[in-house]
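The sequence shown: position 358 = 559 (the numbering used here), numbered continuously.
Glycine included, each C-beta is placed from N, C-alpha and C at the ideal position.
In this text, all values refer to a predicted model and were calculated from it rather than measured experimentally.
Okay, structure first, notes after.
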Amino acid sequence: MPLINNVFKGSNTFKTGLIVNVMDPLAMLGSGTELGAYLMFEPLKIFNLVNFDQEFFGKEINYDLGVFGSTKLLPFTLSTQYLQRGIAAIDSFNNFGTDLPSGGTRVAYKYAVTLRDLSLWGSYPVLGGANLHLIGSYNWYDGFILPDPTLAETQGFSYNMARGYRLGTFISMLAPEVDSRMSISPRGMYLKLLYNYWQQNLMTEDNGIIIVGGFPQTVYDTYKYHDFDLRLKYGMSAPWYDKHDFYAEVNATAMIPHQQILNKLFGTHDPVVSVPSYYKAAEWIPGYTYYYETKRLKKDPLTGTLEPLTYDTVLITGNAVSAVPWHTVFRSGQNRLLTRNWGSSTLTNCTGQSTWMAAQVGTSLPTSSNSTKRTG
């Protein structure tokens, strides 16, 4: 678990594991029940996978766990899934100690993050090729800082970073072009329109853990917001040659704080709190970093002085993010494909007054009196 300070360089992890699928005979006819599960882990750390002193799964191994199922024995299709991912690495943290002359420093620790998501959704066909889905999910993300043997520490420190739920609905439609080429040259349209209402309790960026009665306690900020999502994919034969294919996508996401909607409906002016940048919609431009480290000034509550605070954020993020990639497939032979890719990515940010603004990567927008806007 090396400490990586270069944000342009990732950390490679090799995993192996087991995938199990079980289905009844009716599932082969499209009307039964299917169950499945998988477990992927680092094979060189297999003996670290189970540790009963660390909540069963060890904190020094990367792994992925999933359990899923679906049934069509009801008038509608009912599906569920549970996903859990364990991430182990080394990173630096802000350590604000009163005995430190500068008021804080960066300390490197081994840590583990456990991401858990439980989802349940139902699907029902409403039109030719279209399906209506209702979904509900609950998530909770835990962190664990391993003890430092150089400091004679014997116990790790666990805390909860985020927990919350979402309720939503979406419509999906698939209209493929059916012909003898569809298996190797898929053409047609796929459309997905999604709406979610979220309530998330996220650990505060500053002083997220406090000591109460000698025990650590997580301090949360509660965020309520709505998000709208559009996914469109379209494939067609290239206008210049029908043996070539042209594919285009539109991916767009918009987030609106719940309080902003209440202010508009009832004419109130209550403060609108924006979701932290790393929980907002995000996009990645190939060749550029996804996350990056930056600094901002933090006011010391005791002295009133401004101290630089180092934190991580996302390169392209905002209340609204859209990407429009496209590519063309050239067939140069019977079994060989040549692919040429192009793409563009745009980003806009919405203020508390619903005014759309163009946001620049790696900069911060001014903060109004009733909203917080930050990109990069």
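* F467, DSSP secondary structure in three states -> In the sequence shown, residue 467 corresponds to position 266, counting from 1. In this structure, F467 counts as helix in the three-state DSSP scheme.
* State the DSSP-derived secondary structure class of I462, mapped to helix, strand or coil. => Indexing the sequence shown from 1 puts residue 462 at position 261. I462 sits in a helix when the DSSP states are folded into three classes.
* **With 16 other Cβ atoms within 10 Å as the buried cut-off, status of L328** => Along the sequence shown, read from residue 1 onward, the residue named residue 328 stands at position 127. Classification for L328: exposed.
* Got a sec? Which residues, its chain only, sit under 7 Å from L503 by beta carbon, not counting five neighbours each side? -> Position 302 of the sequence shown, counted from the first residue, corresponds to residue 503. In its chain, beyond the 5 residues on either side, no residue has a beta carbon closer than 7 Å to the beta carbon of L503.
* Asked: To the nearest angstrom, how far is it from the Cα of N249 to the Cα of N213?
  -> Here residue 249 refers to the residue found at position 48 of the sequence shown. Here residue 213 refers to the residue found at position 12 of the sequence shown. About 18 Å.
* Asked: According to DSSP, which residues form a beta bridge with N222?
  -> For the purposes of this step, residue 222 is identified with residue 21 of the sequence shown, where counting begins at 1. Its beta-bridge partners are G237.
* **The beta strand (DSSP E) enclosing Y366, as first and last residue numbers** => Start at 1 with the first residue of the sequence shown, and residue 366 comes out as number 165. Taken as a continuous stretch (DSSP letters only), the beta strand (DSSP E) holding Y366 covers 358–377.
* With 16 as the cutoff for other CB atoms within 10 Å, does M404 come out buried or exposed? -> Along the sequence shown, read from residue 1 onward, the residue named residue 404 stands at position 203. By the 10 Å Cβ count, M404 comes out buried.
* Asked: Looking only at DSSP bridge pairs, what is L274 linked to?
  -> For this step, residue 274 is matched to residue 73 along the sequence shown. In DSSP, L274 forms no bridge with anything.
* What's the gap between the Cα of N252 and the Cα of G357? -> Residue mapping note: residue 252 aligns to position 51 of the sequence shown, counting from 1. Residue mapping note: residue 357 aligns to position 156 of the sequence shown, counting from 1. Distance between the alpha carbons of N252 and G357 is about 13 Å.
* Segments of 4+ residues assigned as alpha helix (DSSP H) that fall wholly inside the region 406–482 -> 459–467
* If you draw a straight line from the C-alpha of I262 to the C-alpha of K393, how long is it? -> Along the sequence shown, read from residue 1 onward, the residue named residue 262 stands at position 61. Along the sequence shown, read from residue 1 onward, the residue named residue 393 stands at position 192. Rounded to the nearest angstrom, the two C-alpha atoms are 36 Å apart.
* Figure out for me which residue from S359, A376, I410, A453 has the closest Cα to the Cα of L395. => Within the sequence shown, numbered from 1, the residue matching residue 395 stands at position 194. Taking only the C-alpha atoms, the option nearest L395 is A453.
* **Host beta strand (DSSP E) of N397 (start-end)** => Taking the sequence shown and counting its residues from 1, the one referred to as residue 397 is at position 196. Per DSSP, N397 belongs to the beta strand (DSSP E) from 389–404.
* To do: Rounded to whole angstroms, what's the CA-CA distance from F257 to G287? Just pull it up for me.
  => The count along the sequence shown starts at 1 and reaches residue 257 at position 56. The count along the sequence shown starts at 1 and reaches residue 287 at position 86. Approximately 12 Å, taken between the alpha carbons.
* Which residues in the same chain have their Cβ closer than 8 Å to the Cβ of A361, if we skip the five residues on either side of it in sequence? -> Numbered from 1 along the sequence shown, position 160 holds the residue referred to as residue 361. Position check: residue 361 holds Asn in this sequence, whereas Ala was assumed. Result list for N361: W341, Y342, D343, G344, M404, T419, in chain order.
* Assign K499 to buried or exposed, taking buried as 16 or more other Cβ atoms, counted over all protein chains shown, within 10 Å of its Cβ. => Your numbering for residue 499 matches position 298 in the sequence shown. Buried, because 16 or more other Cβ atoms sit within 10 Å of the Cβ of K499.
* **DSSP-derived helix/strand/coil call for L266** => Your numbering for residue 266 matches position 65 in the sequence shown. Strand at L266.
* Sequence-distant residues of its chain with Cβ nearer than 6 Å to S232 (five each side left out) -> For the purposes of this step, residue 232 is identified with residue 31 of the sequence shown, where counting begins at 1. Excluding residues within five positions, the ones whose Cβ falls inside 6 Å are K273.
* According to DSSP, what are the bridge partners of N520? -> Translated into the one-based positions of the sequence shown, residue 520 becomes position 319. Beta-bridge pairing links N520 to no other residue.
* Span of the beta strand (DSSP E) around W341 -> As a first step, residue 341 is located in the sequence shown; it is residue number 140 there, counting from the start. Residues 331–346.
* Could you give the distance in angstroms between the alpha-carbon of K260 and the alpha-carbon of T234? -> For the purposes of this step, residue 260 is identified with residue 59 of the sequence shown, where counting begins at 1. For the purposes of this step, residue 234 is identified with residue 33 of the sequence shown, where counting begins at 1. Rounded to the nearest angstrom, the two C-alpha atoms are 35 Å apart.
* Asked: Do you know how far the Cα of P477 is from the Cα of L431?
  -> Position 230 of the sequence shown, counted from the start, is the residue given in the question as residue 431. Position 276 of the sequence shown, counted from the start, is the residue given in the question as residue 477. Between L431 and P477, the C-alpha separation is close to 22 Å.
* To do: Please determine if the region 435–451 and the region 465–484 are in contact, where contact requires at least 3 C-beta pairs separated by less than 8 Å.
  => no
* **Separation of I372 from L347, as counted between CA atoms** => For the purposes of this step, residue 347 is taken as residue 146 along the sequence shown, with counting starting at 1. For the purposes of this step, residue 372 is taken as residue 171 along the sequence shown, with counting starting at 1. Roughly 44 Å separates the two Cα atoms.
* Alpha carbon to alpha carbon, how far is G505 from M390? Give it in angstroms, no decimals. => As a first step, residue 390 must be located in the sequence shown, where it is residue number 189. As a first step, residue 505 must be located in the sequence shown, where it is residue number 304. Looking at the two C-alpha atoms, the distance is approximately 58 Å.
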